[in-house]
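Visitor:
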Amino acid sequence: MRVLVVGSGGREHAICWKLAQSPKVTELFCAPGNGGIAQVATCVDVKATDVPGMVAWAKEHHMDFVMVAPDDPLAMGMVDALEEAGIPAFGPRANAAIIEASKAFSKELMAKYHIPTAAYATFTELDKALAYIEEQGAPIVVKADGLALGKGVVVASTVEEAKQAATEMMADKKFGESGSTVVIEECMVGPEVTVLAFADGKHVVPMPASQDHKRAFDGNQGPNTGGMGAISPPPQYTPEMAKQCMEEIFQPTIDALQAEGRPFHGVIYFGLMLTPKGPRVVEYNARFGDPECQVVLSLLDTDLMDVLQACVDGTLDQLDIQWKKEAGCVLVLASGGYPLDYKKGYPISGLEEAGKTSVVFHAGTALKDGQYVTNGGRVLGVTTTAPTLEEAIANAYEAGKHISFTDMHFRTDIGHAF
Ligand code: AMP
Ligand code: GLY
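For the sequence shown, my numbering assigns the number 37 to the initial residue and increments by one for each residue that follows.
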């Protein structure tokens, strides 16, 4: 099969790395890809958000299957457009990807189908939002409705901070139209875990749970990032919780989307908070998480191509997906300054040595005159698996020691922060 993966981060490198191991995949392409992805796939110069361009390229080059990994093209309807062109495509259609693209939609869905989440209200008028914040008091959470690069959420510890956030989103249009509607939520407490699951419209198969580390600095301090590292499985997520989540959250969500005429085919991301009252949904995403994907796919024993096809065909129930009975860790090496301003173009050393005891996924690199250089905020994800979580974490840090570039930044407490 000739297969195209859409995207360019560490997540897409992990997907390409896994697909390259499939005997069914004879030729692998990635658009636009990155320096590291070029080791396992042919990189194609089409932007991930260029829907007509991607469809035209896939048609012209006779792709048998396209895997759309990032949120933006999914929300824009890239899977719909590929299907209309007769090309089998993995990922939810736009009408299901909306569970990530609109927080107001996902909150309404959860309310209608009694899926446990934080209490909330939705506003399109600033004065009503401000009055509600005043009435509820702090702490309270203010969220822009639409996609805002993970920055549209403010967990406010005072009423003043919450009002300022709502004003910036609704009146000052800090996130453009994404903030014309805001969701204001009850503040929940508890450890957060991620459960990624394969879904085929009807059936949902959870992958091993994982845990991202979103803040930039040790001790969960500093600004939110795309994710500074992840582990799997998180010790806080017990088998009893997994069973409860399957019954109260995972299957009900897939059933709800089907009942609404929005069958979800793809990877669904359950961002969960393990509150004293039980697991609650913090957010849905319509795709693999990054960097959770890097750890979880490292634990997958089944051919990923078979799983992706089953999700598209609606036959997940006929597939016995196997996972290594091990633990995993991904340590993100980032550019100094990320998630704010950072410089690019620094040469990276030690990749080969690190690669002897880990798999180093490239998130933001470029190949310049035969030398890998930094080309993004998150640069690399050093990924390991081992019989125990402690060993996986220790091995990731040990392998990471070989790598260096100017201003390299990483957290020293991945796996020990919660
Ligand atoms: P989201 O983009 O919805 O995942 O939110 C980003 C982060 O904000 C989450 O990972 C949580 O740490 C935090 N957050 C979001 N909603 C809530 C909530 N209702 N209560 C407490 N923290 C929250
Ligand atoms: N790691 C969080 C996300 O992908 O949204």
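Note that the Cβ used here is the ideal one computed from N, Cα and C, for glycine as well.
#1: Using CA atoms only, rank isn't needed, just tell me which of I267, C365 and V317 is closest to P152.
#2: Within 6 Å: the Cβ of E144 and any heavy atom of the ligand AMP?
#3: If we count Cβ pairs, one from each stretch, closer than 8 Å, do we get three or more for the region 347-361 versus the region 175-182?
#4: Give the residues whose C-beta lies closer than 5 Å to at least one heavy atom of the ligand GLY, in chain order.
#5: Report the CB separation of A77 from G69 in whole angstroms; it is logged as a contact under 8 Å.
#6: Output the distance between the C-alpha atoms of T420 and V368, rounded to the nearest integer angstrom.
#7: Just to check my reading of the structure: P299 and A132 have Cβ atoms closer than 8 Å, yes? What is that Cβ distance to the nearest angstrom?
#8: Do you know whose CA, among P124, D100, I134 and E96, lies nearest D108's CA?
#9: Counting beta carbon pairs with one atom in the region 337-349 and one in the region 166-173, are three or more of them shorter than 8 Å?
#10: Locate the beta strand (DSSP E) running through L369, then write down its first and last residues.
#11: Does DSSP put T289 in a helix, a strand or coil?
#12: Less than 7 Å separating the beta-carbons of C365 and I267?
#13: At a threshold of 6 Å, does G219 count as lining the ligand AMP (C-beta to nearest heavy atom)?
#14: If we ignore side chains and look at the alpha-carbon of each, how far apart do P270 and A167 end up?
#15: Please state if the CB of V409 and the CB of G381 are separated by a distance shorter than 7 Å.
#16: First and last residue of the beta strand (DSSP E) that includes A28?
#17: What residue does the beta strand (DSSP E) around C281 start on, and which one ends it?
#18: Thinking C-alpha only, which one of Y433, M243, R129 and K238 is nearest K361?
#19: Going by alpha carbons, who is nearest to F286 out of V240, L183, A198 and T160?
Guide: The short version:
#1: In the sequence shown, the residue the question calls residue 152 occupies position 116. Of the candidates I267, C365 and V317, the one whose C-alpha sits nearest the C-alpha of P152 is V317.
#2: The residue given as residue 144 occupies position 108 in the sequence shown. Answer for E144: no, Cβ out of range of the ligand AMP.
#3: With the rule of 3 Cβ pairs closer than 8 Å, the region 347-361 does not count as touching the region 175-182.
#4: D248, G263, G325 and D326
#5: The count along the sequence shown starts at 1 and reaches residue 77 at position 41. The count along the sequence shown starts at 1 and reaches residue 69 at position 33. Contact flag correct, Cβ pair sits at about 6 Å.
#6: Residue 420 sits at position 384 when you count from the first residue of the sequence shown. Residue 368 sits at position 332 when you count from the first residue of the sequence shown. Their backbone Cα atoms lie some 12 Å apart in a straight line.
#7: Here residue 299 refers to the residue found at position 263 of the sequence shown. Here residue 132 refers to the residue found at position 96 of the sequence shown. Sure, about 7 Å apart at Cβ, within 8 Å.
#8: Working through the sequence shown from its first residue, we reach residue 108 at position 72. Among P124, D100, I134 and E96, the Cα nearest to that of D108 belongs to I134.
#9: no
#10: Residue numbering aside, residue 369 sits at position 333 when the sequence shown is read from its first letter. First-last of the beta strand (DSSP E) with L369: A363 to S371.
#11: Reading the sequence shown from its first residue, position 253 is the one you call residue 289. Helix.
#12: Position 329 of the sequence shown, counted from the start, is the residue given in the question as residue 365. Position 231 of the sequence shown, counted from the start, is the residue given in the question as residue 267. Result yes, Cβ atoms of C365 and I267 sit closer than 7 Å.
#13: Translated into positions along the sequence shown, residue 219 becomes position 183. A small fix is needed here, since residue 219 is Val in this sequence, not Gly. It does not: the Cβ of V219 is nowhere closer than 6 Å to a heavy atom of the ligand AMP.
#14: Reading the sequence shown from its first residue, position 234 is the one you call residue 270. Reading the sequence shown from its first residue, position 131 is the one you call residue 167. Cα-Cα distance, rounded: 39 Å.
#15: If you number the sequence shown from 1, residue 381 lands on position 345. If you number the sequence shown from 1, residue 409 lands on position 373. Yes, these two residues count as a Cβ contact at 7 Å.
#16: Missing from the structure shown is residue 28; the chain here goes from 37 to 454 and no further.
#17: Translated into positions along the sequence shown, residue 281 becomes position 245. C281 -> not in any beta strand (DSSP E); alpha helix (DSSP H) instead, spanning P275 to C281.
#18: In the sequence shown, residue 361 corresponds to position 325, counting from 1. Cα-wise, what sits closest to K361 is M243.
#19: The residue labelled residue 286 in the question sits at position 250 within the sequence shown. F286 has its Cα closest to that of V240, out of V240, L183, A198 and T160.
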